[in-house]
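Chains A and B supply the protein sequences, listed in that same order.
Under our numbering, the final residue of the first sequence carries the number 496; numbering is consecutive throughout.
Under our numbering, the final residue of the second sequence carries the number 496; numbering is consecutive throughout.
Report on one structure; see the data block that follows.
2 protein chains.
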Amino acid sequence: MISRQLAGVFAHLDEAENAGIARLCEWLAIPSISTDPAYRVECKRAAQWAADHLRASGLSVEVLPTGQPEGAGHPIVTATSAGDAAYKGPHVLFYGHYDVQPVDPVELWESPPFEPVIREAPAGAGARGGAGVGGGGGGAGRRIVARGAVDDKGQVMTFLESLRAWRQVSGSVAGGVRFTVMLEGEEESGSVNLERFVRAHRGLLKDCDVCVISDTNMLGRGRPAITYGVRGLAYTEVTLHGPNQDLHSGLWGGRTLNPNAELVKVLSELWDKELRVTIPGFYDQVRPLTEAERAAWAGLSTDSAGALRQIGLPPEADRGEAGFSAVEREWGRPTAEINGIYGGYTGAGAKTVIPSHATAKVSFRLVADQSPALVRDAFFEWLRARTPPGFRWEFQDHGTGPGVTVPTDSVHLRVARAALLAATGKEPALIKSGGSIPVAGLLKAELGIDTVFMGFGLDDDRVHSPNEKFEIECYRTGVRAHAALIDALRSL
Amino acid sequence: MISRQLAGVFAHLDEAENAGIARLCEWLAIPSISTDPAYRVECKRAAQWAADHLRASGLSVEVLPTGQPEGAGHPIVTATSAGDAAYKGPHVLFYGHYDVQPVDPVELWESPPFEPVIREAPAGAGARGGAGVGGGGGGAGRRIVARGAVDDKGQVMTFLESLRAWRQVSGSVAGGVRFTVMLEGEEESGSVNLERFVRAHRGLLKDCDVCVISDTNMLGRGRPAITYGVRGLAYTEVTLHGPNQDLHSGLWGGRTLNPNAELVKVLSELWDKELRVTIPGFYDQVRPLTEAERAAWAGLSTDSAGALRQIGLPPEADRGEAGFSAVEREWGRPTAEINGIYGGYTGAGAKTVIPSHATAKVSFRLVADQSPALVRDAFFEWLRARTPPGFRWEFQDHGTGPGVTVPTDSVHLRVARAALLAATGKEPALIKSGGSIPVAGLLKAELGIDTVFMGFGLDDDRVHSPNEKFEIECYRTGVRAHAALIDALRSL
Chain A
5 MISRQLAGVF AHLDEAENAG IARLCEWLAI PSISTDPAYR VECKRAAQWA
55 ADHLRASGLS VEVLPTGQPE GAGHPIVTAT SAGDAAYKGP HVLFYGHYDV
105 QPVDPVELWE SPPFEPVIRE APAGAGARGG AGVGGGGGGA GRRIVARGAV
155 DDKGQVMTFL ESLRAWRQVS GSVAGGVRFT VMLEGEEESG SVNLERFVRA
205 HRGLLKDCDV CVISDTNMLG RGRPAITYGV RGLAYTEVTL HGPNQDLHSG
255 LWGGRTLNPN AELVKVLSEL WDKELRVTIP GFYDQVRPLT EAERAAWAGL
305 STDSAGALRQ IGLPPEADRG EAGFSAVERE WGRPTAEING IYGGYTGAGA
355 KTVIPSHATA KVSFRLVADQ SPALVRDAFF EWLRARTPPG FRWEFQDHGT
405 GPGVTVPTDS VHLRVARAAL LAATGKEPAL IKSGGSIPVA GLLKAELGID
455 TVFMGFGLDD DRVHSPNEKF EIECYRTGVR AHAALIDALR SL
Chain B
5 MISRQLAGVF AHLDEAENAG IARLCEWLAI PSISTDPAYR VECKRAAQWA
55 ADHLRASGLS VEVLPTGQPE GAGHPIVTAT SAGDAAYKGP HVLFYGHYDV
105 QPVDPVELWE SPPFEPVIRE APAGAGARGG AGVGGGGGGA GRRIVARGAV
155 DDKGQVMTFL ESLRAWRQVS GSVAGGVRFT VMLEGEEESG SVNLERFVRA
205 HRGLLKDCDV CVISDTNMLG RGRPAITYGV RGLAYTEVTL HGPNQDLHSG
255 LWGGRTLNPN AELVKVLSEL WDKELRVTIP GFYDQVRPLT EAERAAWAGL
305 STDSAGALRQ IGLPPEADRG EAGFSAVERE WGRPTAEING IYGGYTGAGA
355 KTVIPSHATA KVSFRLVADQ SPALVRDAFF EWLRARTPPG FRWEFQDHGT
405 GPGVTVPTDS VHLRVARAAL LAATGKEPAL IKSGGSIPVA GLLKAELGID
455 TVFMGFGLDD DRVHSPNEKF EIECYRTGVR AHAALIDALR SL
């Protein structure tokens with residue numbers, strides 16, 4: 005049962021789908037890689053592009069500088085719709101990001117990452133349904149392939165196009181719902197300027213009641229879901245410095261310690277045999293899984309073996325912290341990962357060198373109620389206690405954000421569930437995600453508001469990897485879900 | 005007590021020193037970087053230059069192609085002196101190389117690497133004497149700065165100039181000594197064509213009794229030495245493959261194993277707490293150090309703390325296999341080194357990736373009588389036994405060469421010691437080197453001959469690094485030593 009007006013919006017969206025996808029491709033063509041200073045101007049262009057789209061839907065838009073000195077960071081796009089006089093629902097903050105990950109290794113892309121293409125599903129792909137934790141659902145479908153297709157431009161676009169459709173059909177900006185939109189340009193590079201921005205623009209944000217973010221996945225193809233928790237993150241880079249110059253490994257091998265080998269030895273101690281992280285106190289603040297939660301997750305019929313098969317691994321690669329299932333480890337347990345490591349000669353062939361230093365990028369995915377800053381500091385302390393004689397550490401913090409778990413019985417979550425039901429005809433699953441959306445923790449801390457994660461990605465979308473894609477069916481689900489959310493908010 | 009004729013040669017060498025250095029600078033100006041195809045013609049020019057020098061001293065010279073197809077490799081210069089009818093000494097093979105290492109990082113050179121300059125010693129440099137294992141001796145002196153200054157054009161030049169001087173003073177080619185000279189152009193790129201060349205030209209080489217190589221160091225400034233052993237080398241590259249694609253560390257962290265972490269854990273087991281290599285059988289073929297050898301090395305008053313200070317490390321960084329001194333570890337014990345390691349994201353900033361694979365370049369310095377092939381195979385087997393579930397290894401062999409230790413009581417070594425005594429007035433030390441000179445092992449295997457390493461470098465010559473230098477005093481010692489060697493050979 006959906007309202008007549010929503011039915012009209014759905015019809016409009018069906019007609020406008022190709023045009024909407026074409027607009028998305030235009031946005032995707034802008035290489036807004038936030039972590040690389042070479043793409044500074046492109047980030048600004050991508051922000052401007054989103055601002056223009058929002059403005060065309062009637063919202064009041066600003067593109068605001070960030071950073072210190074002002075403008076050192078990538079801009080944040082803000083937009084507001086005042087809401088109809090009759091609107092009684094919550095003031096909704098929509099957060100998304102227009103920046104994207106780097107594209108390397110670029111040689112593995114089947115088409116240039118910033119030349120979006122619509123591609124048919126590869127033959128045989130996804131025939132067994134969704135990869136990742138969620139199985140079931142239909143087969144893989146047509147998709148948009150480009151960097152940012154699903155993370156996060158494509159998902160933001162589902163919201164933008166719903167605003168556009170409601171304006172066209174109802175004549176009211178955002179269908180009369182009171183929105184504040186905030187699109188960030190540094191999510192993929194640690195959101196380093198976001199906290200300061202939120203504090204500086206408290207006036208704009210202080211009346212918001214709830215945040216909606218579309219930057220997560222469904223449970224699988226055709227299995228809509230609401231994510232009620234995400235993990236936190238503490239991302240560090242550590243360099244072990246030894247001799248003040250590279251050494252000849254013949255003349256020096258055996259005479260003194262090798263930074264490559266010492267880094268390897270120290271990092272190998274980060275996990276015990278049960279794959280638990282060994283940093284003292286690491287698990288002290290972890291909120292234990294409840295029996296109800298474990299039972300509910302077990303009932304989602306997720307398919308760990310199927311997900312491993314999709315990435316070329318056999319069932320025995322289902323390995324992680326002892327005593328927990330794959331889903332529990334991803335959604336409810338913290339982990340430590342070496343995201344990058346490098347030291348010495350890494351070119352082709354042989355060079356007999358002992359390097360002066362070696363580096364690792366080590367990050368921690370955290371769950372409620374772990375403090376990322378405490379974990380980061382404890383890690384640095386743990387390393388310090390393992391300094392090889394005469395060597396020294398250099399530490400860098402590439403950003404932290406707390407994990408978030410929101411109540412599953414709030415009015416906001418109920419509205420979102422109703423919207424997904426209206427959009428898809430299916431009751432959405434309640435799931436968590438192992439990824440991190442630090443802004444949710446920040447908004448909780450700064451504004452006291454919870455976040456509803458209503459996402460439309462799939463586990464096999466190759467987020468952060470070559471050939472990132474967003475399936476058209478998922479895009480459609482997203483656009484309809486946001487349109488239905490607006491309808492549900494109007495009805496409160 | 006030196007012969008009248010040698011005294012005459014010394015006098016001639018003194019007069020001709022500046023001219024000899026000017027000739028060396030001419031040779032150094034030819035950028036004969038063998039590993040880089042862009043310098044192919046320059047390598048040929050450098051070979052031709054050496055051929056002309058040898059021809060001017062009266063030897064019969066050829067510049068012979070190498071490689072398959074013929075000429076694919078860089079040429080080898082051969083030259084022979086038949087020896088006087090009265091000559092009763094050994095047929096000596098002199099081996100050297102005219103190719104040089106690449107110059108990167110070129111921005112660290114204080115003068116262009118192929119524009120040789122004579123420079124005064126930097127103020128304060130080397131005031132404490134030699135770096136490296138050898139302390140003592142005088143302060144740093146005037147030096148020739150250029151790529152190849154000491155490795156190996158400068159050292160080869162000390163031999164070439166001694167031939168020239170003997171011809172001028174005595175009228176006989178090479179003072180009447182029977183020599184075969186072999187100058188290679190691929191030493192710095194793995195000597196990939198040398199073994200085939202030696203086999204194909206067995207007729208030229210089969211009568212040689214002993215090889216002399218000048219490509220090692222003295223014990224320190226003013227401390228002449230003969231190197232009676234070098235370590236062998238087995239250089240490998242190993243890649244651990246996990247998932248068939250890079251993964252998002254949020255969505256996958258904790259769900260499966262991470263190739264970076266698994267590589268780190270496996271490699272950390274390569275050494276035990278005593279810094280002994282843990283590969284089964286690794287030490288089985290190691291020739292134990294004799295008490296006499298250990299006593300002799302201890303008596304050389306090497307300065308490990310001083311050498312560490314030169315590379316910015318405190319005395320407590322004197323760490324290696326338990327139970328052995330720094331000198332013993334470099335000269336007489338094998339070692340395993342991680343020369344390079346890389347996996348995942350290695351650019352600036354943060355990327356939350358679990359990589360599909362991770363790679364390490366691992367090499368072993370070996371001592372007599374270890375077989376490099378056995379060690380390489382045992383390492384690969386050891387890795388195979390540590391394959392994480394569902395993962396696989398990829399192995400590459402970047403070359404092997406056996407270690408060499410020659411008898412210290414041979415007639416050849418006695419002649420060389422006498423020559424160094426005559427040249428410097430000092431009894432040379434008997435030392436070993438931790439570096440590798442694979443040609444010595446090749447000549448032993450193919451021709452059954454030993455090698456006398458009579459080298460004139462210093463530990464701080466910056467071999468393979470920017471601002472490579474050869475001190476004039478070392479050059480002078482080399483020229484006189486080779487001249488005295490010819491005199492000693494004539495007297496047999």
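Each residue gets a CB set at the ideal place from its N, CA and C atoms; glycine is no exception.
Residue i - DSSP class collapsed to helix/strand/coil
{"i": "GLY236 (chain B)", "result": "strand"}
{"i": "ASP156 (chain B)", "result": "coil"}
{"i": "THR162 (chain B)", "result": "helix"}
{"i": "THR428 (chain A)", "result": "helix"}
{"i": "GLY138 (chain A)", "result": "Bear in mind that a pLDDT of 38 at GLY138 (chain A), under 50, signals an unreliable position, so the number given afterwards is only what the model happens to contain. GLY138 (chain A): strand per DSSP, three-state reduction."}
{"i": "ALA20 (chain B)", "result": "helix"}
{"i": "GLY499 (chain B)", "result": "There is no way to answer for residue 499 (chain B), as the model of chain B reaches only from 5 to 496."}
{"i": "GLY533 (chain A)", "result": "Only positions 5 to 496 of chain A appear in this structure, which leaves residue 533 (chain A) out of reach."}
{"i": "ASP103 (chain B)", "result": "coil"}
{"i": "ALA131 (chain A)", "result": "Note that ALA131 (chain A) scores a pLDDT of 34, beneath 50, so its modelled location is shaky; the value from the coordinates is reported in the next line. Reduced to three states, the DSSP call for ALA131 (chain A) is coil."}
{"i": "ASN221 (chain A)", "result": "strand"}
Any chain B beta carbon closer than 8 Å to residue i
{"i": "GLY254 (chain A)", "result": "yes"}
{"i": "GLN289 (chain A)", "result": "no"}
{"i": "PRO106 (chain A)", "result": "yes"}
{"i": "ALA354 (chain A)", "result": "yes"}
{"i": "ALA238 (chain A)", "result": "no"}
Cβ-based neighbour list, residue i, same chain, cut-off 6 Å, excluding 5 preceding and 5 following
{"i": "LEU164 (chain B)", "result": "HIS57"}
{"i": "SER85 (chain B)", "result": "LEU63, VAL177, ALA178 and PHE183"}
{"i": "HIS416 (chain A)", "result": "VAL214 and VAL456"}
{"i": "GLY152 (chain A)", "result": "LEU32 and VAL104"}
{"i": "ALA50 (chain B)", "result": "ILE34, SER36 and TYR102"}
{"i": "GLU450 (chain B)", "result": "VAL202"}
{"i": "ASP211 (chain B)", "result": "HIS95"}
{"i": "SER437 (chain B)", "result": "THR220, THR231 and VAL234"}
Beta carbon proximity, residue i to chain C, threshold 8 Å
{"i": "ARG337 (chain B)", "result": "Structure shown: chain C not included; protein chains present are A and B."}
is_contact[residue i, chain A] using C-beta, thresh 8 Å
{"i": "ASN262 (chain B)", "result": "yes"}
{"i": "GLY134 (chain B)", "result": "Bear in mind that the predicted position of GLY134 (chain B) carries a pLDDT of just 32, short of 50, making it unreliable; the figure below should be weighed with that in mind. By this cut-off, GLY134 (chain B) is not an interface position."}
{"i": "ASN471 (chain B)", "result": "no"}
{"i": "ASN512 (chain B)", "result": "The first residue shown for chain B is 5 and the last is 496, placing residue 512 (chain B) beyond what the model contains."}
{"i": "GLU320 (chain B)", "result": "yes"}
{"i": "ILE283 (chain B)", "result": "no"}
{"i": "VAL63 (chain B)", "result": "For the record, residue 63 (chain B) in the displayed sequence is Leu; it is not Val. False, the Cβ-Cβ gap to chain A never drops below 8 Å."}
{"i": "SER85 (chain B)", "result": "no"}
{"i": "VAL268 (chain B)", "result": "yes"}
Contact under 8 Å by Cβ, residue i with residue j
{"i": "ARG280 (chain A)", "j": "ALA372 (chain A)", "result": "no"}
{"i": "THR82 (chain A)", "j": "LEU68 (chain A)", "result": "yes"}
{"i": "PHE403 (chain A)", "j": "VAL196 (chain A)", "result": "Just to set this straight, residue 403 (chain A) is Gly in the shown sequence, not Phe. Cβ atoms of GLY403 (chain A) and VAL196 (chain A): closer than 8 Å."}
{"i": "HIS245 (chain B)", "j": "PRO263 (chain B)", "result": "yes"}
{"i": "ALA127 (chain A)", "j": "ARG147 (chain A)", "result": "no"}
Same chain, Cβ closer than 7 Å to residue i, five either side skipped, listed in chain order
{"i": "ARG466 (chain B)", "result": "GLU472 and LYS473"}
{"i": "THR356 (chain B)", "result": "HIS252, SER253 and GLY254"}
Beta-carbon contacts of residue i that lie in its chain and below 8 Å, excluding the five residues immediately before and after
{"i": "GLN52 (chain B)", "result": "VAL67"}
{"i": "SER38 (chain A)", "result": "CYS47, HIS78, ASP103, VAL104, GLY189, GLU190, GLU191, GLU192 and SER193"}
Member of the options whose CA lies at the smallest distance from the CA of residue i
{"i": "THR412 (chain B)", "options": "B:ALA296, B:SER440, B:GLY207 and B:GLY344", "result": "B:ALA296"}
{"i": "LEU434 (chain A)", "options": "A:LEU304, A:VAL121 and A:ASP88", "result": "A:LEU304"}
{"i": "GLU99 (chain B)", "options": "B:GLU74, B:ILE315 and B:ASP155", "result": "First, the residue type needs correcting, since residue 99 (chain B) is Tyr and not Glu in the sequence shown. Nearest C-alpha to TYR99 (chain B): B:ASP155."}
{"i": "GLU475 (chain A)", "options": "A:GLY459, A:ILE490, A:ARG369 and A:ALA76", "result": "A:GLY459"}
{"i": "VAL379 (chain A)", "options": "A:GLY24, A:THR162, A:GLY175 and A:SER367", "result": "A:SER367"}
{"i": "GLY236 (chain B)", "options": "B:LYS365, B:GLY336 and B:GLY87", "result": "B:GLY336"}
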